[in-house]
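Inspection log for the structure reproduced underneath, given as C-alpha cells.
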Amino acid sequence: MLSCSNVGKTYATERGDIVAVRGIDLEVPSGQFAAIVGRSGSGKSSLMAMIGGLSRPSQGVVRVEGADIWALPDDALAQFRNRKIGFVFQFASLLPALRVIDNVALPALLGRRLDAGAAYTRAARLLARLGLAERLDAYPAEISAGQQRRAVIARALINAPSLLLADEPTSDLDERTEMEIMDEFRTLNRDHAMTVIIVTHNLRLAEQADRVFHIANGGLVK
Ligand SMILES: Nc1ncnc2c1ncn2[C@@H]1O[C@H](COP(=O)(O)OP(=O)(O)OP(=O)(O)O)[C@@H](O)[C@H]1O
Ligand SMILES: [Mg+2]
Numbered sequence: 001m002l003s004c005s006n007v008g009k010t011y012a013t014e015r016g017d018i019v020a021v022r023g024i025d026l027e028v029p030s031g032q033f034a035a036i037v038g039r040s041g042s043g044k045s046s047l048m049a050m051i052g053g054l055s056r057p058s059q060g061v062v063r064v065e066g067a068d069i070w071a072l073p074d075d076a077l078a079q080f081r082n083r084k085i086g087f088v089f090q091f092a093s094l095l096p097a098l099r100v101i102d103n104v105a106l107p108a109l110l111g112r113r114l115d116a117g118a119a120y121t122r123a124a125r126l127l128a129r130l131g132l133a134e135r136l137d138a139y140p141a142e143i144s145a146g147q148q149r150r151a152v153i154a155r156a157l158i159n160a161p162s163l164l165l166a167d168e169p170t171s172d173l174d175e176r177t178e179m180e181i182m183d184e185f186r187t188l189n190r191d192h193a194m195t196v197i198i199v200t201h202n203l204r205l206a207e208q209a210d211r212v213f214h215i216a217n218g219g220l221v222k
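Residue numbers for the sequence shown follow the UniProt record's numbering, beginning at 1 and rising by one.
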C-alpha cells in the first residue's frame, strides 16, 4: 500500500544544505499499524511529510496504493491527499477563523463527496467520539491544546482515509486520553483496514504496533 524507495530530503538553507532524510526504503502493507521512532531531529516529520504528499522529496519515489504520488500534477495530488490520506500534524494546525466543527467538516466539503449536511453530521459524530461534543461551536483559540489535538484527529478521519499519518498525535495528552485515541486508531485499523503510521516517542505505544521502524540521523536502523 505504501512504499518508499530511496526517499531523501535535503533542505537548502542560508547556512548550507541540511540532509534530513537519506535514501530510505520502506514498505507498509495495507492494513498494517506501523510506528516510527527516533530521537528529536532524526528526520521523522520530514519523512512523514513526503509520504503524506506535503513536502516534495529531493530524491526517490513514494507510492501510495500503487500511485507514484510525486509524479502527479498538483491538483491530482491535492485530490489524492484529500481522499486517501489523513494527516495529524505534530504542531497546531486548525484554522483559527473557523469553529472547531467547521475545521473538521472542511476536508469533506472541499472533497465534495458528502453534502454539507452529511459532512457536518459526520464531523459532529467524530468530535463526540473524541470527547468534544460540548465544544463544536468553539474557536480553536478557545479550547485546550489537547482538545485542539483531538479536533485535528477528527479532521484527519473525516474523509475515511485509507492511510492515516499521525506525527506524535498524543504527545500533549494525558495518559488516559492517549489510550483512548490509540484505541480509536486501532479500531479503525482493524475494522476499516485503515493503514496507520504513527510517529511516537512513547515506546509503550510503539510496542503495540505491528511493525516498528527506527530512524536515526535520517536513515533507517536495521
Ligand atoms: N524547513 C527546514 N529547513 C531546514 N532544516 C530543517 C527543516 N525542517 C527540518 N529541518 C532539519 O531536518 C532534520 C530533521 O528534522 P525533522 O523535523 O524531520 O525531525 P524529527 O525527527 O521530526 O524531530 P522531532 O522529534 O523533534 O519532531 C533536523 O536536523 C532539522 O533541523
Ligand atoms: Mg517531528
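Every residue, glycine too, gets a C-beta built ideally from N, C-alpha and C.
Within the continuous beta strand (DSSP E) that includes D25, where are the two ends? G16 to V28
Between which two residues does the alpha helix (DSSP H) carrying G38 extend? Element bounds for G38: n/a, residue is neither H nor E.
Between H214 and E168, how many whole angstroms is the CB-CB distance? I'm expecting something under 8 angstroms. H214 to E168, Cβ: 16 angstroms. No contact.
Is Y11 a contact residue of ligand 1, with contact defined as CB to any heavy atom under 7 angstroms? yes
Measuring alpha carbon to alpha carbon, tell me which residue in M48, P29 and S30 is nearest V37. It is M48 whose Cα lies nearest to the Cα of V37.
Nearest-angstrom Cα separation, counted from R15 out to I153: 36 angstroms
Would you mind working out which of V28, G117, L94 and A116 sits nearest Q147, comparing C-alpha positions? L94
Which residue's Cα is closest to the Cα of V28: S162, D102 and A116? S162
Complete beta strand (DSSP E) runs within the segment 49-109 (minimum length 3 residues, chain order): Taken in chain order, the unbroken stretches of beta strand (DSSP E) that lie wholly in the segment 49-109 and span 3 residues or more are 59-64 and 85-88.
In the DSSP assignment, the beta strand (DSSP E) including S12 goes from what residue to what residue? A small correction: the amino acid at residue 12 is Ala; Ser does not occupy that position in the sequence shown. Counting along the chain, the beta strand (DSSP E) containing A12 begins and ends at L2 to T13.
Under three-state DSSP, which class holds A209? Three-state result, A209: coil.
Just to check, is the beta-carbon of S45 closer than 7 angstroms to a non-hydrogen atom of ligand 2? yes
Is the separation between the beta-carbon of A151 and that of N82 shorter than 8 angstroms? no
Buried or exposed: which applies to N159, given that a residue is buried once 16 or more other Cβ atoms fall within 10 Å of its Cβ? By the beta-carbon neighbour count (other beta carbons within 10 angstroms, threshold 16), N159 is buried.
Is it buried or exposed, I85, if we count other Cβ atoms within 10 angstroms and call 16 or more buried? buried
I181 in three-state terms, based on DSSP: helix
Give me, in chain order, the residues of the same chain whose beta-carbon lies closer than 8 angstroms to that of residue 292; leave out the 5 immediate sequence neighbours on both sides. Limits of the chain in this structure are 1 at one end and 222 at the other, which puts residue 292 out of reach.
Within a Cβ cutoff of 8 angstroms, which residues of the same chain sit near I181, ignoring the five residues on either side of it in sequence? Excluding residues within five positions, the ones whose Cβ falls inside 8 angstroms are L130, R150, I153, P169, T170 and L173.
Residues of its chain near residue 232, where Cβ-Cβ distance is below 6 angstroms and the 5 sequence neighbours each way are ignored: Outside the shown range of the chain (1 to 222) lies residue 232, about which nothing can therefore be said.
Is V7 closer than 8 angstroms to G60 when the C-beta atoms are compared? yes
Between which two residues does the beta strand (DSSP E) holding L165 run? Where L165 is concerned, the enclosing beta strand (DSSP E) starts and stops at L163 to D167.
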